[in-house]
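Asks:
Protein chains: 2
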Amino acid sequence: MSKRPTLTTIQEAARRIEGFVVHTPVMRCPHLEQTLGAEIFLKCENFQTMGAFKQRGACNAVLSLDDDAIRRGVATHSSGNHGAALALAASRRHVPAFVVMPQDSARVKIEAVERYGATVIECGTGLASREETLDKVLDETGATLVHPYNDYAVIAGQGTAALELLSEVPDLDLLVAPVGGGGLMSGCAIAAKGLRPGIRLVGAEPSGADDAFRSLRGGKLIQQQTPNTVADGLRACLGDKTFAIIQDLIDDIVLVEEQEIATAMGYVLEHMKILIEPSAGVAVAPLRDGTVDVRGKRVGVILTGGNVDRETLIQMLQADQD
Amino acid sequence: MSKRPTLTTIQEAARRIEGFVVHTPVMRCPHLEQTLGAEIFLKCENFQTMGAFKQRGACNAVLSLDDDAIRRGVATHSSGNHGAALALAASRRHVPAFVVMPQDSARVKIEAVERYGATVIECGTGLASREETLDKVLDETGATLVHPYNDYAVIAGQGTAALELLSEVPDLDLLVAPVGGGGLMSGCAIAAKGLRPGIRLVGAEPSGADDAFRSLRGGKLIQQQTPNTVADGLRACLGDKTFAIIQDLIDDIVLVEEQEIATAMGYVLEHMKILIEPSAGVAVAPLRDGTVDVRGKRVGVILTGGNVDRETLIQMLQADQD
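Chains as they are written, first to last, in this note's numbering: chain A, 1 to 322; chain B, 1 to 322.
#1: Between which two residues does the beta strand (DSSP E) carrying M316(A) extend?
#2: Does any CB atom of chain B fall closer than 7 Å to the CB of I261(A)?
#3: Less than 7 Å separating the beta-carbons of V325(B) and V256(B)?
#4: Taking G51(A) as the query, report the chain B residues whose CB atoms sit under 8 Å from its CB, ordered along the chain.
#5: Which residue spans inside the segment 243-279 of chain B form an unbroken beta strand (DSSP E) run of at least 3?
#6: Using a beta-carbon distance below 7 Å, is G323(B) in contact with chain A?
#7: Just to confirm before moving on: does the CB-CB distance between G306(A) and I276(A) stay below 7 Å?
#8: Compute the Euclidean distance between the alpha carbons of G314(A) and K136(B), then round it to the nearest angstrom.
#9: Looking only at DSSP bridge pairs, what is C123(A) linked to?
#10: I need the boundaries of the alpha helix (DSSP H) containing L65(A), first residue and last residue.
#11: Which ranges does the alpha helix (DSSP H) cover as unbroken runs of at least 4 residues, wholly within the segment 192-220 of chain B, from first to last along the chain?
#12: If we count the other Cβ atoms within 10 Å of its Cβ and call it buried at 16 or more, is K43(B) buried or exposed?
#13: Quick one: does I314(A) have its CB under 7 Å from some CB of chain B?
#14: Could you check whether the segment 203-211 of chain A touches the segment 221-237 of chain A, counting it as contact only if at least three pairs of C-beta atoms, one from each stretch, sit closer than 8 Å?
#15: For a cutoff of 7 Å on Cβ pairs, would you count R310(B) as touching chain A?
#16: Check whether the Cβ atoms of Q158(B) and L174(B) lie closer than 7 Å to each other.
#17: Nearest to S64(B) by CA position, among E39(B), V100(B), E12(B), is which residue?
#18: Give the straight-line distance between the Cα atoms of P278(B) and M265(B), rounded to the nearest whole angstrom.
#19: What's the call for V163(A), buried or exposed, on a 16-neighbour Cβ count within 10 Å?
#20: Is any beta-carbon of chain A found at less than 7 Å from that of L36(B)?
#21: In whole angstroms, give me the CA-to-CA distance for T6(A) and A191(A).
#22: Taking a Cβ distance cut-off of 7 Å, strictly less, list which residues of the segment 39-50 of chain B are near chain A, in chain order.
#23: How would you label Q223(A), buried or exposed, when you count the other beta carbons within 10 angstroms and need 16 or more for buried?
#24: Which residues mark the beginning and the end of the alpha helix (DSSP H) in which H77(A) is found?
#25: Take the Cβ of A128(A) as the centre, count every other Cβ of all protein chains shown within 10 Å, and call the residue buried at 16 or more, exposed below.
#26: Between which two residues does the alpha helix (DSSP H) carrying L36(B) extend?
#27: Rounded to the nearest angstrom, what separates G239(B) and T76(B) at their Cα positions?
#28: Give the single residue among T9(B), T312(B), H31(B) whose Cα lies nearest to the Cα of V154(B).
#29: Is it true that the CB of K109(A) sits closer than 7 Å to the CB of G142(A)?
#30: Can at least three beta-carbon pairs, one atom from the segment 114-121 of chain B and one from the segment 84-104 of chain B, be found at a separation below 8 Å?
#31: Compute the beta-carbon to beta-carbon distance between F60(B) and I17(B), rounded to the nearest angstrom, for a pair I have assumed lies under 8 Å.
#32: Show which residues of chain A have a CB atom less than 7 Å away from the CB atom of L317(B).
#33: Identify the contact partners of L269(A) in chain B, using a Cβ-Cβ distance below 7 Å as the criterion.
#34: Give me whichever residues DSSP pairs with P178(B) in a beta bridge.
#35: How long is the line joining the alpha carbons of F41(A) and S167(A), rounded to whole angstroms?
#36: In chain order, what residues of the same chain lie with their CB nearer than 6 Å to the CB of R214(B), ignoring the 5 residues before and after it?
Below is the structure:
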C-alpha cells in the first residue's frame, strides 16, 4: 500500500481481516467511572489473538499483498509481538516468514515466533544490527518487508481497533491510546477522526521513551536513542509515515512515569480482573492521575494487549504494593 | 424459603435478581482447548458485581424476604465475599445489614463490607466464636439470618450461574465447580440436572479442605476442623442442606493440591488474560492435570470469582514460577 490510509482504507482492512482477528469486547469499570465521574470504554485488545492488537496490522499487510509479491514470503525485525503476528499471518497464506530478533530476546518470545512456523534469525542488540541483518535476509530470501509500524497496510490494520470501538460507542468525546512506533495511534486517529471529526485524540507515552512528545513539540522527527521504560511495546520510535499522521491528527501527547504504569496495571487487575501489559497501563495512567481531564466525558481507551512475562508482572505488582 | 429449590425455583430467582447482578460472559481459551482436545466453556463470575458469584445468592435471599421479615435487617457471619454481597443487597432494600467478621480478617475486606453500609461486628477466630457472636447480634437486633450457603434462597441464587451457562451452551457433557460450603455446587447441580438430566457433575475441592470428599465417601456429614488451603472461599464445610443436595446429584468429587491451584491461576492469567481467585483455580486444575478426563467432551467450568489480595497473588505467581 503506497498511499496514506483513509477511513475507507481502514474499513476495507476490517473486512479483509475479519475471521482472522477477534472482535474484542469493550469493557467498563464501574469503580473507575465513579472515581473519575466519566464514562470510560476500554477496548480490550488483550483478548486479541496472541494477546495484542499487533495481529490486526500484520494480518492486513499479509492479506493485502498480491500472490506474486508474497511468493517468497515476508520478513521483519521484531523483539516480540509483531514477529509472532507476522508469522501467524504468513502461515495462513502458506508462505514463509523470516523474523530478525535480537539475540537477547526472551527465550519464550523466540519460541513463540518459531511455534507459528517462522524462521528466526538472531542479530545483535541495537537498531543498526537489526536493520543490517534484515537487509541481508531480504536480499537472500527475496521476501517482502513488513515493517512493524511504518507501513501503511499495518497502520490501516491497527486502525480497525478504533473502528470497532467507535462502531460500538459512536459518541466518544475523547480517545486515548499509547504511542510507541505510532502504528496503533496513527491508524486509530484516521479511523476516529474519520468517523467523528470532533473527537479529541490523546497519545500517552512513557517519560523514558518520549520521542513522540518531543517530535511533536519540535515539529520534526526526533529519535529516542536510549528508551528506558518497562513498557517494552513503546520503546520504538515514530517513523516518517506515523509521525506525519500523528502530527496532522493528534491533539496532545501526555507523558507517564514508570511508577504510574505499575499502579495502572495493578488497578486494572484488581478492579477489572483483567491482565494488561505495561504499554496498556500507559494509556490508563493519565486518566487516573488527572493528567487528562475526563470529568463528564465519554472516553475510549485502547488497551493494547496483555502480554507480560511472569517476572515483570511480579515486579510490577510489587512496585505497586510499595 | 423452606423447601429445597427446584429448577423452577432457580428460574424464579434468576428473574428476581435480574438487574441486580451481571449476566457474566462465557469465555473460551483456545490454548486450553487445543491442549486438552475438548471444548471448554468458562463462566466468568470474576466479572460479577463485587468480583464473585456470592452476589447472586445474597441478592436472591434478601429480595425473597417479605417486608415484615426484613424490617429489622439481615445478618450473617462471613470472612469476606458473602458479607459484602449481603451488605450490598440489603442497601438496595434500604434495610440494615449486620456482618460478624473474625477480628483477623484482612482490613480491606472489613472496609469493603463497611463501604456497602453494613455494620461490622468483630469476633474471635474460629467457628464457635463466630456463631456465638452472630446469635447475640440476631437477639439484639431482630435481624433475619442469611447463612452464607446453608440456606435454600442462597442456594437457588447461586444456581442461576449454571442456569445462565446452560442457556448459552445447552449441550454440555460435564460441569465442574469448586466446593466449599456447597452453596454454589448444590444450586448449580439442581439447575444443570434440571435442564440436562444426563449431564455429569464434578465438584473440585482442595486436599487441605476435603470435607465434601470425605462426607460423600462416608455417606454422612464429616466436618473439616482445620482447613488448610490458599483457596479461602473453600475453607467452609458443607451444611446439612447443601450436603443432602450434593449427595443426591453430584457424580464425583476430585481433590486438588495447593501447587496445582497456583499453576491453574497462573495459566488462566497468562493464556486468558483474566484474574481468577484461588477457589476458581481449584475448578480449572483437575482439567489441566487430567484428574477429570475431558477429551472430546463439552465441558462447563464455573470460575467463582477474581478476589485475591495482592500479597497472595504475588505469592501464588512466585509459587507457579518455581
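Glycine included, every Cβ here is placed at the ideal spot set by N, Cα and C.
Replies: Put simply:
#1: Locating residue 316(A) in the first sequence gives position 316, counting from the first residue. No beta strand (DSSP E) holds M316(A); the alpha helix (DSSP H) holding it covers 310-321.
#2: Here residue 261(A) refers to the residue found at position 261 of the first sequence. Chain B, which has no Cβ nearer than 7 Å to the Cβ of I261(A), makes this no.
#3: Nothing about residue 325(B) can be read from this structure; chain B reaches only from 1 to 322.
#4: Taking the first sequence and counting its residues from 1, one reaches residue 51(A) at position 51. Going along chain B in sequence order, the residues near G51(A) (Cβ under 8 Å) are K273.
#5: Positions of the beta strand (DSSP E) runs, each at least 3 residues long and wholly inside the segment 243-279 of chain B, are given as 252-256 in order along the chain.
#6: Within the shown structure, residues of chain B are numbered from 1 to 322, placing residue 323(B) beyond reach of any answer.
#7: Within the first sequence, residue 306(A) is the residue found at index 306, counting from 1. Within the first sequence, residue 276(A) is the residue found at index 276, counting from 1. Their beta carbons are under 7 Å apart, which means G306(A) touches I276(A) by this criterion.
#8: Reading the first sequence from its first residue, position 314 is the one you call residue 314(A). Reading the second sequence from its first residue, position 136 is the one you call residue 136(B). Just to set this straight, residue 314(A) is Ile in the shown sequence, not Gly. C-alpha of I314(A) to C-alpha of K136(B): approximately 44 Å in a straight line.
#9: If you number the first sequence from 1, residue 123(A) lands on position 123. The secondary-structure analysis by DSSP pairs C123(A) across a beta bridge with P102(A).
#10: Here residue 65(A) is taken as the residue at index 65 of the first sequence, counted from 1. For L65(A), no alpha helix (DSSP H) encloses it, and the DSSP letter there is neither H nor E.
#11: Those alpha helix (DSSP H) runs which fall completely within the segment 192-220 of chain B and span 4+ residues are 211-218.
#12: Within the second sequence, numbered from 1, the residue matching residue 43(B) stands at position 43. When all chains shown are included, K43(B) counts as buried.
#13: For the purposes of this step, residue 314(A) is taken as residue 314 along the first sequence, with counting starting at 1. Yes, because at least one Cβ of chain B sits closer than 7 Å to the Cβ of I314(A).
#14: In short, these stretches touch, since the Cβ pair count reaches three.
#15: In the second sequence, counting from the first residue as 1, residue 310(B) sits at position 310. Using beta-carbon distances, R310(B) counts as an interface residue toward chain A, with a partner under 7 Å.
#16: Taking the second sequence and counting its residues from 1, the one referred to as residue 158(B) is at position 158. Taking the second sequence and counting its residues from 1, the one referred to as residue 174(B) is at position 174. With respect to the 7 Å criterion, Q158(B) and L174(B) are not classified as neighbours on the basis of their beta carbons.
#17: In the second sequence, residue 64(B) corresponds to position 64, counting from 1. Distances from the CA of S64(B) to each of E39(B), V100(B), E12(B) were compared; the closest alpha carbon is that of E12(B).
#18: Taking the first residue of the second sequence as 1, we reach residue 278(B) at position 278. Taking the first residue of the second sequence as 1, we reach residue 265(B) at position 265. Answer to the nearest angstrom: the Cα atoms are 7 Å apart.
#19: As a first step, residue 163(A) is located in the first sequence; it is residue number 163 there, counting from the start. Note that residue 163(A) corresponds to Leu in the displayed sequence, not to Val. That one is buried.
#20: Working through the second sequence from its first residue, we reach residue 36(B) at position 36. No - not a single Cβ of chain A is within 7 Å of the one on L36(B).
#21: For the purposes of this step, residue 6(A) is identified with residue 6 of the first sequence, where counting begins at 1. For the purposes of this step, residue 191(A) is identified with residue 191 of the first sequence, where counting begins at 1. Spanning the two alpha carbons is a distance of roughly 7 Å.
#22: Taking 7 Å as the Cβ-Cβ cut-off against chain A, the residues of the segment 39-50 of chain B that qualify are N46, F47.
#23: On the first sequence, position 223 is the one that residue 223(A) refers to. When all chains shown are included, Q223(A) counts as exposed.
#24: Sequence index remark: in the first sequence, residue 77(A) carries index 77 (1-based). No alpha helix (DSSP H) contains H77(A), which is instead part of the beta strand (DSSP E) from 74-77.
#25: Reading the first sequence from its first residue, position 128 is the one you call residue 128(A). A128(A) is classed as exposed because its beta carbon has fewer than 16 other beta carbons within 10 Å across all chains shown.
#26: Sequence index remark: in the second sequence, residue 36(B) carries index 36 (1-based). Segment 30-36, the alpha helix (DSSP H) holding L36(B).
#27: In the second sequence, the residue the question calls residue 239(B) occupies position 239. In the second sequence, the residue the question calls residue 76(B) occupies position 76. Using only the alpha carbons, I get a separation of about 15 Å.
#28: Locating residue 154(B) in the second sequence gives position 154, where the first residue counts as 1. Closest option to V154(B), Cα to Cα, is T9(B).
#29: Residue 142(A) sits at position 142 when you count from the first residue of the first sequence. Residue 109(A) sits at position 109 when you count from the first residue of the first sequence. No, Cβ-Cβ distance for G142(A) and K109(A) is not below 7 Å.
#30: Yes, they touch.
#31: Position 60 of the second sequence, counted from the start, is the residue given in the question as residue 60(B). Position 17 of the second sequence, counted from the start, is the residue given in the question as residue 17(B). The amino acid at residue 60(B) is misidentified as Phe; the sequence shows Asn. That pair is a contact at about 5 Å.
#32: As a working mapping, residue 317(B) is identified with position 317 in the second sequence. What L317(B) touches in chain A: R310, L313, I314.
#33: Counted from its first residue, the first sequence places residue 269(A) at position 269. Chain order gives the chain B residues near L269(A) as L275, where near means a beta carbon separation below 7 Å.
#34: For the purposes of this step, residue 178(B) is identified with residue 178 of the second sequence, where counting begins at 1. Partner(s): A204(B).
#35: The residue labelled residue 41(A) in the question sits at position 41 within the first sequence. The residue labelled residue 167(A) in the question sits at position 167 within the first sequence. Answer to the nearest angstrom: the Cα atoms are 12 Å apart.
#36: Here residue 214(B) corresponds to residue number 214 of the second sequence, with the count starting at 1. Correct list, in chain order: I222.
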